[in-house]
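*Asks:*
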Amino acid sequence: MGSASLDRRRSAVGWLLALVVLTLYGTIPLSLAGDVLQRPGVVSPHSDLWIGPIVAAFALSGAALTHLRPWNVIGWLLLLSALLQVTNLAANAYSIRALTDPDGSLPLGLATAWVASWTWLPSLLLVALVLPAVYPTGHPPSRYWTWHVRLTVVALVVATVLLGVAPGAVDDGVAGTELPWSVPAWALWVVGAPTVVLLAGSAGSVIVGTAWRAVRASAPERQQLLWLLSVVALMVGTVFTEYRLLFGL
1 MGSASLDRRR SAVGWLLALV VLTLYGTIPL SLAGDVLQRP GVVSPHSDLW IGPIVAAFAL
61 SGAALTHLRP WNVIGWLLLL SALLQVTNLA ANAYSIRALT DPDGSLPLGL ATAWVASWTW
121 LPSLLLVALV LPAVYPTGHP PSRYWTWHVR LTVVALVVAT VLLGVAPGAV DDGVAGTELP
181 WSVPAWALWV VGAPTVVLLA GSAGSVIVGT AWRAVRASAP ERQQLLWLLS VVALMVGTVF
241 TEYRLLFGL
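In structure tokens, the structure reads:
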């Protein structure tokens, strides 16, 4: 009885998180209303609303999985990824409005730009580098994958912190936006270089390892792993083009 009650609570939390994701996405058009993207200083005149269906798919799929299998971490990874991604989009949209407001009356413009500067990375790499290692049971299938997950999580945490302190990370929305602190470039390189190497190794590990698992698996798991592998390869290629931000470039 206690286990069933806990499962229901986990399911409710999953659906609540999905609702939070959809609600945050709904704030983006409000933040950008009134031709905000055409204001002076805005870097890109185009919105990211097209990502909405992808975020919604992650959120609703994650909620459905947490409802069916509350103890399987895959559903929670999808929900966390969706929450981080929509936080990135909503924070970026609001920060653009606040930082370019003619009256300067909107608060937390720089704070939300800072949040947007680092939430995008874990939103992608949790799915690309961690989820395949625990598919489909929610647990690593071997000791190799256990260490893969541990090292990836450590590297991802360090990379996210670096994005949060790098001096050039908050000007993607409004040109000239700067953080109130300064981190020496050498410190970013000393920590960032091995972090990128570790994440690159993790990316290679997940691609080669998942391909090997697919070769050894039988249907339908083989087809599922191959589909997952194609998605991971695309996501990894997208993320690694932005690693210059870890070094404040």
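Mapping the sequence shown onto full-length UniProt numbering, position 194 (from 1) lands on 194, and the numbers just tick up by one. Glycine included, every Cβ here is placed at the ideal spot set by N, Cα and C. Computed from a predicted model, the values in this text were never measured in an experiment.
#1: Classify residue 28: buried if its beta carbon has 16 or more other beta carbons within 10 angstroms, exposed otherwise.
#2: Whether or not the region 158 to 174 and the region 207 to 215 are in contact is what I'm after, with contact meaning three or more pairs of Cβ atoms, one per stretch, closer than 8 Å; do they touch?
#3: Identify the residues that DSSP records as bridge partners of residue 13: which are they?
#4: Decide if residue 74 is buried, meaning its Cβ has at least 16 other Cβ atoms within 10 Å, or exposed.
#5: Tell me which same chain residues have a C-beta within less than 6 Å of the C-beta of residue 15, skipping the five on either side of it?
#6: At a cut of 8 Å, does the region 118 to 132 reach the region 67 to 85 through at least three beta carbon pairs?
#7: Pick helix, strand or coil for residue 174, following the three-state DSSP scheme.
#8: DSSP on residue 248, reduced to helix/strand/coil?
#9: Under a three-way DSSP split, which group does residue 8 fall into?
#10: Give the range of the alpha helix (DSSP H) segment to which residue 118 is assigned.
#11: In the structure shown, what three-state DSSP assignment does residue 154 receive?
#12: Answer yes if the region 65 to 73 comes into contact with the region 3 to 22, meaning at least three C-beta pairs across the two stretches below 8 Å, and no otherwise.
#13: How is residue 42 classed by DSSP in three states: helix, strand or coil?
#14: Using the Cβ count rule (16 or more neighbours within 10 Å means buried), how would you classify residue 97?
#15: Could you check which residue in 54, 55, 110 has the C-alpha nearest to that of residue 175?
#16: From residue 235 to residue 103, what distance separates their C-alpha atoms?
#17: Do three or more CB pairs link the region 219 to 233 to the region 171 to 189 at distances below 8 Å?
#18: If you follow the alpha helix (DSSP H) that residue 55 is part of, which residue opens it and which one closes it?
#19: Leaving out five residues on either side along the sequence, give the residues of the same chain with a beta carbon under 6 Å from the beta carbon of residue 160.
#20: Please classify residue 194: does DSSP put it in a helix, a strand, or coil?
#21: Give me the Cα-Cα distance between residue 5 and residue 137, rounded to the nearest whole angstrom.
#22: In chain order, what residues of the same chain lie with their CB nearer than 7 Å to the CB of residue 108, ignoring the 5 residues before and after it?
#23: Grouping DSSP H, G and I as helix and E and B as strand, with all else coil, what is residue 102?
#24: With distances taken between CB atoms, is the gap from residue 145 to residue 209 smaller than 9 Å?
*Replies:* From the atom records:
#1: The residue given as residue 28 occupies position 28 in the sequence shown. Flag for residue 28 reads buried.
#2: no
#3: To locate residue 13, count along the sequence shown from 1; it is residue 13. None; residue 13 has no bridge partner.
#4: Taking the sequence shown and counting its residues from 1, the one referred to as residue 74 is at position 74. By the 10 Å Cβ count, residue 74 comes out buried.
#5: As a position in the sequence shown, residue 15 is number 15, starting the count at 1. Hits under 6 Å: 63.
#6: yes
#7: Position 174 of the sequence shown, counted from the first residue, corresponds to residue 174. DSSP places residue 174 in strand when its eight states are reduced to three.
#8: The residue given as residue 248 occupies position 248 in the sequence shown. For residue 248, the predicted structure reports a pLDDT of 49, less than 50, and the residue's modelled location is therefore unreliable. The matter cannot be settled from this model.
#9: As a first step, residue 8 must be located in the sequence shown, where it is residue number 8. Of the three classes helix, strand and coil, the one that applies to residue 8 here is helix, per DSSP.
#10: Stepping through the sequence shown from its first residue, residue 118 is reached at position 118. Run containing residue 118: 109 to 125, per the alpha helix (DSSP H) assignment.
#11: The count along the sequence shown starts at 1 and reaches residue 154 at position 154. Reduced to three states, the DSSP call for residue 154 is helix.
#12: yes
#13: Numbered from its first residue, the sequence shown carries residue 42 at position 42. In the structure shown, residue 42 sits in a strand (DSSP, three-state: E or B).
#14: By one-based count along the sequence shown, residue 97 stands at place 97. Looking at its Cβ environment, which holds 16 or more other Cβ atoms inside 10 Å, residue 97 is buried.
#15: Locating residue 175 in the sequence shown gives position 175, where the first residue counts as 1. Here the closest residue by C-alpha is 110.
#16: Taking the first residue of the sequence shown as 1, we reach residue 235 at position 235. Taking the first residue of the sequence shown as 1, we reach residue 103 at position 103. Those two C-alpha atoms are separated by around 39 Å.
#17: no
#18: Position 55 of the sequence shown holds residue 55. Note, residue 55: alpha helix (DSSP H), 52 to 68.
#19: Here residue 160 refers to the residue found at position 160 when the sequence shown is read from its first residue. Taken in chain order, the residues that qualify are 118, 121, 122.
#20: The residue given as residue 194 occupies position 194 in the sequence shown. In the structure shown, residue 194 sits in a helix (DSSP, three-state: H, G or I).
#21: Translated into positions along the sequence shown, residue 5 becomes position 5. Translated into positions along the sequence shown, residue 137 becomes position 137. If I take the Cα positions, the gap works out to 22 Å.
#22: One-based indexing of the sequence shown puts residue 108 at position 108. Excluding sequence neighbours, residue 108 sits near 98.
#23: Taking the first residue of the sequence shown as 1, we reach residue 102 at position 102. It is coil, neither helix nor strand.
#24: Residue mapping note: residue 145 aligns to position 145 of the sequence shown, counting from 1. Residue mapping note: residue 209 aligns to position 209 of the sequence shown, counting from 1. Taking 9 Å as the Cβ cut-off, residue 145 and residue 209 qualify as a contacting pair.
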